[in-house]
Amino acid sequence: MALITAESLADELHIDSSPVEIATLSALIKDASAIIRGSISHDLTEEAVITVASEQFNRLVGSVATSLYYDRALSNGFSHGQMIILQQLTGIVKGGA
């Protein structure tokens, strides 16, 4: 499985699939992936996390990208649900699950 695409996130959120929106979502997906991977391990690659936990990673990337779409500063940080998925993902990646 590959990283969630901007097109699939736009469809899920019922956001216009214009080139501008797709470019914005693509950038936010990239940012969300970097934030999440950095929260787990400074040297974790997308390929490594997708190999062991693609569903959890893509759900969290989509969720964080959505949060960034509506609040670029993540003023309230991660939601409780995002933190639960991040903890689960961290356990899987580091061998605890």
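Here the sequence shown stands for residues 0 to 96, numbered as in numbering that gives the first Met the number 0. The beta-carbon is built from N, C-alpha and C at its ideal position, and this holds for glycine as well.
Check Arg58 in the structure and name its three-state DSSP category.
Within the sequence shown, the letter at position 59 stands for residue 58. If DSSP states are grouped into helix, strand and coil, Arg58 belongs with the helices.
Hey, Leu24 and Ala47: beta-carbon distance below 7 Å or not?
What you label residue 24 is simply residue 25 of the sequence shown in a count that begins at 1. What you label residue 47 is simply residue 48 of the sequence shown in a count that begins at 1. Pairing Leu24 with Ala47 gives a Cβ-Cβ distance that is not under 7 Å.
Can you tell me whether Ser74 is helix, strand or coil according to DSSP?
Position 75 of the sequence shown holds residue 74. Note: Ser74 maps to coil in three-state DSSP.
Note the first and the last residue of the continuous alpha helix (DSSP H) segment covering Ser32.
The residue given as residue 32 occupies position 33 in the sequence shown. Ser32 -> alpha helix (DSSP H) spans Pro18 to Ile39.
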